[in-house]
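Trainee: Residue numbers (our numbering): 1 to 227.
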Amino acid sequence: MKNIILEANNIKKRYDKEAVLDLDNIKIFESAFNFLIGPNGSGKTTLLNILSLVDTDFKGEVIYKGQPVKKVNFDLLDLRRNFSVIWQNPYLFKGSVASNIALPLKLRNVKEDEIASRVENIAKKLEITNLLNKKSDELSGGERQKTSIARSLITNPEILFIDEPNISLDYQSTQYFNDLFLRLTSEGTTILLITHDLYQINNFAEYITILNDGKVVKSGSDIELDY
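1) Over the uninterrupted beta strand (DSSP E) stretch that includes residue 64, give me the two end residues.
2) For residue 230 and residue 208, I'd like the C-alpha separation in whole angstroms.
3) Are the region 119–126 and the region 158–174 in contact at 8 Å, needing three or more beta carbon pairs?
4) DSSP three-state call for residue 179: helix, strand or coil?
5) Beta strand (DSSP E) containing residue 27: first to last residue?
6) Taking only three categories from DSSP, how would you classify residue 94?
7) Leaving out five residues before and five after residue 222 in sequence, what residues of the same chain have Cβ atoms less than 6 Å from its Cβ?
8) Is the region 185–194 in contact with the region 104–114, if contact means three or more CB pairs nearer than 8 Å?
9) Just reading off the alpha helix (DSSP H) that residue 76 is part of, what are its end residues?
10) At 4 residues or longer, what runs of the alpha helix (DSSP H) sit wholly inside the region 120–200?
11) The beta strand (DSSP E) that contains residue 89, what's its start and end?
12) Hey, how far is the Cα of residue 215 from the Cα of residue 32?
13) Please report the Cβ distance between residue 13 and residue 21, rounded to the nearest whole angstrom; I am assuming they are in contact, meaning their Cβ atoms lie under 8 Å.
14) Starting from residue 48, follow the alpha helix (DSSP H) in both directions and report where the run begins and ends.
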C-alpha cells in the first residue's frame, strides 16, 4: 500500500445551522489516483475545499505528511502552493490564455524568460499552443477547461485536486486528460478526483472514498458501488 500524504480527522463543517460535513476520517494516498464519489449534495466539493486548504473555516484536523497542519504552524500560503485545484467551472481572468496560464508563476516571482518557456512547454504538453494568443472571453467551454488545467499544472503540484473536469470536454478531450492524469500519477503526482464518470471509476481508481450526507460510508482500494 502507498504512503498517506494527506489525511483529515473529525471534520465538521456547517453553513449557518446546517451540517454539511461530519466525517471521522479520510486518507489520500501518495502518487495515486484517489477518487471521491457520491450523490449530488453529499459534501464532496466542500471536502475538497477543506483538504486543499482553500477553506480553513471548519472543525477538525488536516494532517500533511504525518504532521497536523495547524499544530506545527505551517505557513498556509507556502503549503497551498504545493497543491493545485481544477474547478468544475473554471474562472479565467481577462487577457490572453498565455497570461492566464502564467499567473501562478508570476505570483511566485518566477523570472519572465522562465515563465515564457514553461507556458510554451505546458501548452505543447496539453496540445493548446494554438490557444495561447486567444482572449479568455473568446474560448469555448472546453477550451476554458483546458486552459484551467494548464494553469493548474504549470507549478508541478504535489497534489492535484480535480472537481468533475469532464463536464465541458468532448469525448476526445476527456480521453486525453484521462491519459494525462494517469501519466501524472505515474510520475509522482497525487490526484484527488471528484467524478460521476463510471468509466473513470472502473478503469482508473486506485483508492475510492464514497461520501453520502456529509459522511464517509465506504473507503478502500476494492469496493463495490451501490449508492
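Cβ coordinates follow ideal geometry from the N, Cα and C atoms, glycine included.
Mentor: In brief:
1) 59–64
2) The requested residue 230 is not part of the displayed model; the chain covers only 1 to 227.
3) no
4) helix
5) 18–29
6) coil
7) none
8) no
9) 76–80
10) 141–153, 171–186
11) Counting along the chain, residue 89 falls outside any beta strand (DSSP E), and DSSP gives it neither H nor E.
12) 22 Å
13) 4 Å
14) 44–51
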